[in-house]
Amino acid sequence: MKPPALSILLLSAAALLELPQIKCEDPIPMNMSVDALDDQYDGCRDTMLKNVKKTLLPSELDKNPKFKNAWKTAQDKMMKQDHTGLSLDQATAIYLYTMDDVHKDFNIAVRTGGTNYTEFPYKAWHFHLTDALKTLRSKNRTCYDVYRGVNVKFTAVKEETVRFGQFASTSLKLSVAEGFGKETLFTIRTCFGVPIKKYSEKPQQEEVLIPPFERFKVMGDQGNEIRLEHIADQKSYFNCLGGATVFKIQHTLTVSCVIWSLIVMQIH
Numbered sequence: 001m002k003p004p005a006l007s008i009l010l011l012s013a014a015a016l017l018e019l020p021q022i023k024c025e026d027p028i029p030m031n032m033s034v035d036a037l038d039d040q041y042d043g044c045r046d047t048m049l050k051n052v053k054k055t056l057l058p059s060e061l062d063k064n065p066k067f068k069n070a071w072k073t074a075q076d077k078m079m080k081q082d083h084t085g086l087s088l089d090q091a092t093a094i095y096l097y098t099m100d101d102v103h104k105d106f107n108i109a110v111r112t113g114g115t116n117y118t119e120f121p122y123k124a125w126h127f128h129l130t131d132a133l134k135t136l137r138s139k140n141r142t143c144y145d146v147y148r149g150v151n152v153k154f155t156a157v158k159e160e161t162v163r164f165g166q167f168a169s170t171s172l173k174l175s176v177a178e179g180f181g182k183e184t185l186f187t188i189r190t191c192f193g194v195p196i197k198k199y200s201e202k203p204q205q206e207e208v209l210i211p212p213f214e215r216f217k218v219m220g221d222q223g224n225e226i227r228l229e230h231i232a233d234q235k236s237y238f239n240c241l242g243g244a245t246v247f248k249i250q251h252t253l254t255v256s257c258v259i260w261s262l263i264v265m266q267i268h
């Protein structure tokens, strides 16, 4: 049984095939991904943590057997290895993301979760993963030069501000990034992405995980390479269980095509 959010998105993607004017095989322009669940839980972290532990995580695990089994696998792994610096739930959230089981379903849901938070099926995981990255960054505020390769063609306009709108896997190693795809190669200067090797199922990938809210300035788009630079403004459109959008969303077509690419091309 597919998670509710993914089932809805699959139907939406199927509908796109019936609309010849929408060509999702065309290059996808990067934008601010304003639909994405970019919650940083500023001002409500402790309240959210209590809600997650008491209600959200048990409920969401019970509703989604695939998620429940994957969470248990990740939790068992983290219980047996050093996860100093993070709580067990935080470490589990990261390890689970590096597994192949459910993180693609998760990212598909994240891309539209801001505008449909009530139906978002991974509230607990999103919170623990966001909280884990913030905790790790609080101990080391280093910026990193990383790479991200995908088998989907993206375009970007120089000087514009963009976001990935999902948790974006990158690597400190160019060769690792190219192994995931060469249609578009992102070279990125990130200051909110953090190394997660210590908590990863695949430590050899030297992964740096970028949160959905991080904003970048496009420094260049040439050939198959897009260069992105971290900028200081890191406001979220949604905060503390949804919040309100800053401006009207006008990117339905682009977001739909990105979701279609996530489903078909399995963007990490």
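Numbering-wise (full-length UniProt numbering), the sequence shown opens with residue 1 and increments by one. For every residue, glycine included, the Cβ atom is placed at its ideal position computed from N, Cα and C. In this text, all values refer to a predicted model and were calculated from it rather than measured experimentally.
- Query: How is G43 classed by DSSP in three states: helix, strand or coil?
  - Reply: As a working note, residue 43 is residue 43 in the sequence shown. Correct three-state label for G43: coil.
- Query: Tell me, which residues are paired with G220 by DSSP?
  - Reply: Along the sequence shown, read from residue 1 onward, the residue named residue 220 stands at position 220. G220 is bridged to R227.
- Message: Output needed for F127: all residues of its chain with C-beta closer than 6 Å, excluding positions within five of it in sequence on either side, in chain order.
- Response: Residue mapping note: residue 127 aligns to position 127 of the sequence shown, counting from 1. Answer for F127: M48, V52, listed in chain order.
- Message: Quick check on D131: does DSSP put it in helix, strand or coil?
- Response: What you label residue 131 is simply residue 131 of the sequence shown in a count that begins at 1. The answer is helix: DSSP assigns D131 an H, G or I state.
- Message: If contacts are defined as beta-carbon pairs under 8 Å, then F180 and V150 qualify, I think. What distance do you get, rounded to the angstrom?
- Response: As a working note, residue 180 is residue 180 in the sequence shown. As a working note, residue 150 is residue 150 in the sequence shown. Confirmed, about 6 Å.
- Item | For L57, the nearest candidate out of R137, D89, T187, K153 (CA to CA) | What you label residue 57 is simply residue 57 of the sequence shown in a count that begins at 1. Nearest option by C-alpha distance: D89.
- Residue ranges of each alpha helix (DSSP H) within the segment 43–105, 4 or longer: Correct list: 45–51, 57–63, 65–80, 88–98.
- Query: On the three-pair Cβ rule with 8 Å, is the segment 33–41 touching the segment 72–85?
  - Reply: no
- Query: Does the distance from the C-beta atom of A168 to that of V162 stay below 8 Å?
  - Reply: Translated into the one-based positions of the sequence shown, residue 168 becomes position 168. Translated into the one-based positions of the sequence shown, residue 162 becomes position 162. The answer is no: Cβ separation not under 8 Å.
- Message: Just verifying my parser: in three-state terms, what is the DSSP assignment at residue 330?
- Response: Given that the chain is displayed from residue 1 to residue 268, the structure contains no residue 330 and the question cannot be resolved.
- Query: Name the DSSP beta bridge partners of L37, please?
  - Reply: Working through the sequence shown from its first residue, we reach residue 37 at position 37. DSSP lists no partner for L37.
- Message: What does DSSP give as the partner residue(s) for P203 in the beta ladder?
- Response: If you number the sequence shown from 1, residue 203 lands on position 203. According to DSSP, P203 bridges with nothing at all.
- Give the single residue among W125, F213, M99, S33 whose Cα lies nearest to the Cα of A93. Position 93 of the sequence shown, counted from the start, is the residue given in the question as residue 93. For A93, the nearest C-alpha among the options comes from W125.
- Query: What does DSSP give as the partner residues of I210 in its beta bridges?
  - Reply: Within the sequence shown, numbered from 1, the residue matching residue 210 stands at position 210. Looking at the DSSP output, I210 sits in a beta bridge with A168.
- Task: For chain B, find out if any of its Cβ atoms is closer than 8 Å to the Cβ of P58; answer yes or no.
- Result: Judged by its chain identifiers, the structure shown contains no chain B, having just a single protein chain.
- Using a Cβ-Cβ cut-off of 7 Å (strictly less than) and excluding sequence neighbours within five positions of C44, which residues of its own chain qualify? Walking along the sequence shown from the start, residue 44 turns up at place 44. So the qualifying residues of the chain are C240.
- Buried or exposed (CB count within 10 angstroms, at least 16 for buried), I231: Working through the sequence shown from its first residue, we reach residue 231 at position 231. It counts as exposed.
- Message: Please identify the residue among L133, I28, K80, G113 whose C-alpha is closest to the C-alpha of residue 332.
- Response: With the chain running from 1 to 268 in the structure shown, residue 332 is simply not present.
- Consult DSSP for F180 and reduce its assignment to one of helix, strand or coil. Mapped onto the sequence shown, residue 180 falls at position 180. Helix.
- Message: I'd like to know whether the C-beta atoms of S236 and Q205 end up nearer to each other than 8 Å.
- Response: For the purposes of this step, residue 236 is taken as the residue at position 236 of the sequence shown. For the purposes of this step, residue 205 is taken as the residue at position 205 of the sequence shown. Against a cut-off of 8 Å, the Cβ pair of Q205 and S236 comes out as no contact.
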